[in-house]
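This note's numbering numbers the first residue of the sequence shown as 1321 and each following residue consecutively.
Here a beta-carbon is modelled for each residue, glycine too, at the ideal position from N, C-alpha and C.
For reference, the structure discussed in these notes is given below.
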Amino acid sequence: MNTATHRWQVRAERPIEYDVIKAPTLFAPDNEALLGFGRRAGGRRFVVVDGNVARHHGAAIRRWFDRHGIEARIVVFPGGEEHKTIDIYQDLIRELDGFPIHRRDEPIIAIGGGVLTDVVAFVAATYRRGLPHIKVPTTLMGYIDAALGIKAGINFNNNKNRLGSFEPPQAVFLDKSFLPSLPHRHLLNGLCEIIKLAIACDATLFQWLEADGAESVAAYFNNAAGDAILDRAIGGMLEQLAPNLFELELSRKVDFGHTFSYGLEARYEHRLLHGEAVLLDILVSILIGERRGLLASRDAERVFALVQRLGIELDLDVVDAELMWHSLLDRIEHRNGLQRVPMPTALGQCTFLNDITRRELDHAVPALHARMRAHHESNRQR
Ligand SMILES: NC(=O)c1ccc[n+]([C@@H]2O[C@H](COP(=O)([O-])OP(=O)(O)OC[C@H]3O[C@@H](n4cnc5c(N)ncnc54)[C@H](O)[C@@H]3O)[C@@H](O)[C@H]2O)c1
C-alpha cells in the first residue's frame, strides 16, 4: 500500500484596486461620474439611501437615475447605530431577492453615513458570495473615514461590528454637498476622527485644525481651509489604510482612540456617537501618556485646548474605568493577545503600549473630569 502523503497547494491573489473620487454634486442632472461604473443601457441598480438623506436629497437622486435611463430600486434605510443590525441586513437581502440584478455589472450603490455603508458593504460581500458596490458617504464620518476602506459589518450580540468582512468597493464618491443637511453634532462627530488622525500621524493637520478648524466647521468645510483639511485627512487616512487593508499588521495608528471607546459605545449606543466615544478614549489615553511622561504636558494641553476651541461637547458621565478596562480586555482578543494601544509620544507621532494597567484607568477618570473642568473654567473667564 502506498502510504506517501500528498499535499496540494492552492495559491491565488485577488487584486484590489479602487478609486476614491472627489465628485462635487454627484447627483446634479448632468453629472456623469457614476455612469463610469456598470452597465448603462438597460441597466438596473439597487440603491440604498439613508432615511435622512432621502428626506433632503432623495428627489434629486431619483431624478438622476430617471434622467440617465437606469431602472433603480431605491430602498430607504434608517441611519443611526441602533440600525446596524442583523434584521436590517436581512431586510436588505430580501429586498435584493425581489429586484434581481446582474452579479458583475450592476453595482449596488450605498448612499449614507458610516452605518449604512458598513451594512450595505456587508450585504454586497455576502449576497451570492459577493456583488460589486459603490459607496457615497453623506456624513463627515463617512467622508473622511468609514467609506474609505474595505471594512464591512454589523453589530451583533451587543458587540460592535461582531459580524463583518473585508470587501473592497468598486469606487467611493466624495460629494461634500451632502454635508450641510447634516446635524451639527454629527459634523463634530466626524471631526473627532480627523483629530485622531492628526494626533496619531500628522502634526501639520493638527496645526491646521488649531488655525482653521472652527471656521471650517462653521462653513461645513465649504471653504478653502476646510477643503484643505479634508483632503489632508483623506490622504492621511488612505496612507495608513492602503498598505494594511486586511489588517495583517494589528498595531495600527488609526486604532488610536479605538480601545476604550469600543465598550463605551456598545453600552451607550443611544447616548454616544462613534466619534464622541473615540474622542473620550483619546483624552483618557493622553492623560495616561502624560502621567507616564511619554507625552509632554504642553502637547496634552494643546489637545484639550483644541477640543474646547472646536466646541465639541462630551458626556463625561459615561466614562467608567471598569467598562473601559473590559473594553481593553476585549481588544486584546481582537488584537491577537496584545493590547497594542496606540499612544502619542508627540503631536503627529505615536508608539504602541502593551502594559496599560487597571490602576492607570482608575487614575485617568477623575483626572479627565478635573482637566475638562479646568478648561471650561478658563474658557468662561476669557
Ligand atoms: N468601516 C470603517 O472602516 C468604519 C470607520 C469608521 C466608522 N465606521 C462606522 O461608522 C458608523 C458611524 O457612522 P456615522 O457617524 O456616519 O453614522 P450614521 O451612518 O448613523 O449617520 C449619522 C446620522 O446622520 C444621518 N445622516 C446621514 N447623512 C446625512 C445627511 N447628509 N444629512 C442629514 N442627515 C444625515 C443619519 O440618518 C444618521 O441619523 C459606526 O457604526 C462606525 O462603526 C466604520
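Near A1523, what residues of its chain come up, given a Cβ to Cβ distance below 6 Å and the 5 sequence neighbours on each side ignored?
L1667, G1668
From the DSSP output, in three-state form, read off H1388 for me.
coil
State the DSSP-derived secondary structure class of V1492, mapped to helix, strand or coil.
strand
Given 7 Å as the limit, tell me if N1478 has its C-beta closer than that to any heavy atom belonging to ligand 1.
no
Which one of H1578, R1591, A1538, A1518 has the shortest CA to CA distance from M1557?
A1518
Rounded straight-line distance, which links the Cα of A1641 to that of A1687:
12 Å
Looking at G1484: is its Cβ nearer than 8 Å to the Cβ of F1526?
no
I'd like to know if the segment 1597-1613 and the segment 1547-1565 are in contact, where contact means that at least 3 CB-CB pairs between them fall below 8 Å.
no
Does ligand 1 have even one heavy atom less than 7 Å from the beta-carbon of K1471?
yes
Going along the chain, which unbroken runs of the alpha helix (DSSP H) with 4 or more residues stay wholly within the segment 1508-1559?
1523-1538
Count the CB pairs spanning the segment 1501-1517 and the segment 1585-1598 that are closer than 8 Å, and state whether there are at least three.
yes
Just to confirm before moving on: does the CB-CB distance between P1427 and P1452 stay below 8 Å?
yes
May I ask you to list the residues that DSSP assigns as paired with R1364?
E1391
Paired residues, beta bridge with K1342 - DSSP:
L1494
From G1462 to D1407, what does the alpha carbon distance come to, in whole angstroms?
22 Å
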